[in-house]
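Okay, so here's the structure we're looking at.
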Amino acid sequence: MIPFDDYIAIDWSGSKAVLSPGIAVAKAFKDDSQVLLISPPEKEWSRARVAEWLILQAAGSKRLLVGIDSNLGYSASLVHKYLPHLQTAHELWALIEKTCHQESNFYAHAFWRESLFRDAFWIEGKKPLHFPVTRRLTELGCIDQHRGYPENPFKLIGAKQVGKGGLAAMRMAHFLKEQLQEKIAFWPFDSQEHCNEATIVILEIYPRLFLREANHGLSKVRDIKKLKELLLFYKSTTPSHSKINDHCADALIAAAGMRHWIHESNDSLNLEQCSATFVKQLRIEGWILGVSLPVESKRS
Numbered sequence: 011m012i013p014f015d016d017y018i019a020i021d022w023s024g025s026k027a028v029l030s031p032g033i034a035v036a037k038a039f040k041d042d043s044q045v046l047l048i049s050p051p052e053k054e055w056s057r058a059r060v061a062e063w064l065i066l067q068a069a070g071s072k073r074l075l076v077g078i079d080s081n082l083g084y085s086a087s088l089v090h091k092y093l094p095h096l097q098t099a100h101e102l103w104a105l106i107e108k109t110c111h112q113e114s115n116f117y118a119h120a121f122w123r124e125s126l127f128r129d130a131f132w133i134e135g136k137k138p139l140h141f142p143v144t145r146r147l148t149e150l151g152c153i154d155q156h157r158g159y160p161e162n163p164f165k166l167i168g169a170k171q172v173g174k175g176g177l178a179a180m181r182m183a184h185f186l187k188e189q190l191q192e193k194i195a196f197w198p199f200d201s202q203e204h205c206n207e208a209t210i211v212i213l214e215i216y217p218r219l220f221l222r223e224a225n226h227g228l229s230k231v232r233d234i235k236k237l238k239e240l241l242l243f244y245k246s247t248t249p250s251h252s253k254i255n256d257h258c259a260d261a262l263i264a265a266a267g268m269r270h271w272i273h274e275s276n277d278s279l280n281l282e283q284c285s286a287t288f289v290k291q292l293r294i295e296g297w298i299l300g301v302s303l304p305v306e307s308k309r310s
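Position one of the sequence shown corresponds to residue 11 (this note's numbering), numbered consecutively onward.
Listed below in structure tokens is the structure:
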């Protein structure tokens, strides 16, 4: 894939609140070891403000790879249970937006309460008998490769749940596509040609993967010394901060990890050698950057 100039990592949140301390944005540069936090336009970021900021970046001359800590698709087998003819996640994003268009800041309460998919979600109470639902290939790969244990995106309960953020991210993806058209692409949902031509390419990241790769345990990173140690693993630095929370640390480490992974891997975003069947599944499910593609995905 055509190289990128900057790498943006977004630690995301599905919180109902408009402004969220759980959102953080960091940037790594192609030819500079520094990784910087991007200050929010208000005290804290909102999802809508993140979208506005990305639109502004698309007006520039730099080509950006943007990683968002959120799923952008669901298991193909489960999606086809409800939508048998769906071909790509873009169609799912449009459905989520249509269902939730009256909710601001990309919140998606209506989708898990009123859509065809409502019975698949774990919303409250004890774990339903149908849970866990089918996982995506990339989640299974992440677990099998000992890169982390991603939460199931259909779980919407508990402190570690990521499902609400995933729905919000899919609404934002639909919005950005409508606003930016050909200037934006989503990997692996869009073609290689489109991803090469776009100013911004968005994909899924899992910050815990980059922390594990740097030999960090399960604890959250909340102090500058530990943050700088982990960044050194990725040959990166960051200016001194008076204080830092785990969301900012995740974004900084993920941005450094994205840059490192793309530079060190042999074009890990190239799907041209993968089978048509595998790529078709990825167009619905998505893939986490840093999870190796399975050998069986290659064309024989």
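No residue lacks a Cβ here, since even glycine has one placed at the ideal position from N, Cα and C.
Residues near residue 144 in its chain [Cβ-Cβ closer than 7 Å; skip 5 each side]: 85, 87 and 88
CA-CA distance, residue 102 and residue 228? 33 Å
Does residue 190 come out as helix, strand or coil in the three-state DSSP assignment? helix
State the Cα-Cα distance for the pair residue 26 and residue 116, rounded to the nearest angstrom. 10 Å
When you compare only the Cα positions, how much space is there between residue 29 and residue 285? 42 Å
Can the beta-carbon of residue 157 be found closer than 8 Å to that of residue 296? no
Quick check: the Cα distance between residue 45 and residue 269, rounded to an integer number of angstroms? 10 Å
Selection from 282, 12, 16 and 22 that minimises the alpha carbon distance to residue 256: 22
Continuous alpha helix (DSSP H) stretch holding residue 286: start and end: 286-295
Residue closest to residue 183, alpha-carbon to alpha-carbon, out of 237, 99 and 290: 99
Return helix, strand or coil for residue 15, following the three-state DSSP convention. coil
If we ignore side chains and look at the alpha-carbon of each, how far apart do residue 243 and residue 237 end up? 10 Å
Proximity of residue 70 and residue 20 at Cβ, strictly below 8 Å: no
Quick test of your reading: residue 175 and residue 223, contact by CB under 8 Å. State the CB separation rounded to the nearest angstrom. About 22 Å; that fails the 8 Å criterion.
In three-state DSSP terms, what is residue 247? strand
According to DSSP, simplified to helix, strand and coil, what is residue 231? coil
Distance, Cα to Cα, residue 128 vs residue 245? 44 Å
Give me the residue from 107, 111 and 68 with the minimum Cα distance to residue 207. 68
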